[in-house]
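Presented below is the structure to which this report refers.
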Amino acid sequence: MVYFYCKNNDPFRSNFIDVARSLLSQILHLNPNCLDFIHESIHKSGELRPKNPSFFLQVIEEILLNHDSLYIGIDGLDECPEKDRKLLSDLIMAASKAHTAHGNVKIFVTSRKEKDLDKSLGSIARLNIKPQNLESDITAYVSMKVSLLSQKFNFSQAREQSIAAEICDRPKGELSTCIRMENPKLSDRHVSSSSPYNGQLTRSGFTGRSE
6 MVYFYCKNND
16 PFRSNFIDVA
26 RSLLSQILHL
36 NPNCLDFIHE
46 SIHKSGELRP
56 KNPSFFLQVI
66 EEILLNHDSL
76 YIGIDGLDEC
86 PEKDRKLLSD
96 LIMAASKAHT
106 AHGNVKIFVT
116 SRKEKDLDKS
126 LGSIARLNIK
136 PQNLESDITA
146 YVSMKVSLLS
156 QKFNFSQARE
166 QSIAAEICDR
176 PKGELSTCIR
186 MENPKLSDRH
196 VSSSSPYNGQ
206 LTRSGFTGRS
216 E
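To convert, count from 1 in the sequence shown and add 5; that's the working numbering.
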């Protein structure tokens, strides 16, 4: 399995070239037999360090079409700028093409709804995740974070349970609260309903399988 976590405003985690390089590096680690093909492709490109998106698309597509069973995960596709999402959509469609041809590649992608992604990935099967589908995961995550803070700041068990319950009960599960939990006075503060995470927990999961 190879994977990549995209992150907004991080130049190394939100552009197509770095995503492609990371996936290629991981594939090479899994299958060193790809080295000769990658080396030959780089030599033919005439660049010591290729930067042309089409180079990476061609190399990855060729590897996927000839690779054994491979799982690819890309999280937070919406975190990338639109121009990079277009290129990543092409990569995802290449994985879908490999799956259709040989059934050897499966890809799972998460993203919030974006018009350009709906259009470019229109033929890909998807699962819309509703806020209620995330409640148990949010509760487990919050409980884990509060437990760690409890060890650091010596909360009582009652205090720990109270903080966890308060966070989980807030509308739409304001995850920014979890980030702010580094402050021991968290329980005396409130996250504004205008939080950038408020009401934006729903993601769509795209799977690399044509309808």
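The beta-carbon is built from N, C-alpha and C at its ideal position, and this holds for glycine as well. Here the structure is a predicted model, which is why all the values come from computation and not from measurement.
Would you identify the three-state DSSP class for residue i, choosing helix, strand or coil?
i                 : result
asparagine 133    : strand
lysine 157        : helix
leucine 2         : No answer is possible for residue 2: it lies beyond the span of the chain, which begins at 6 and ends at 216.
lysine 118        : coil
lysine 12         : coil
phenylalanine 113 : strand
With distances taken from CA atoms, which of the options is nearest residue i?
i                : options                         : result
phenylalanine 21 : Phe113, Leu69, Glu165 and Ser59 : Ser59
arginine 26      : Gly81, Val64 and Asn38          : Val64
arginine 220     : Asn14, Lys12, Pro86 and Ile143  : There is no way to answer for residue 220, as the model of the chain reaches only from 6 to 216.
histidine 107    : Phe113, Asn13 and Glu66         : Glu66
lysine 88        : Glu119, Asp80, Tyr76 and Ile68  : Glu119
Should residue i go down as buried or exposed, given a rule of 16 or more other Cβ atoms within 10 Å for buried?
i                : result
leucine 122      : buried
leucine 53       : exposed
alanine 103      : buried
phenylalanine 61 : buried
threonine 105    : exposed
leucine 93       : buried
Going by the CB atoms, is the gap between residue j and residue i shorter than 9 Å?
i          : j             : result
serine 46  : asparagine 57 : no
lysine 157 : serine 125    : no
leucine 69 : valine 114    : no
Sorted by chain position, which residues of the same chain lie with C-beta nearer than 6 Å to residue i's C-beta, five sequence neighbours on each side aside?
i          : result
valine 151 : Glu165, Ile168 and Ala169
Suppose the cutoff is 8 Å on Cβ atoms and the five residues either side in sequence are ignored; what does the same chain contact list for residue i look like?
i            : result
glutamine 31 : Val7 and Tyr8
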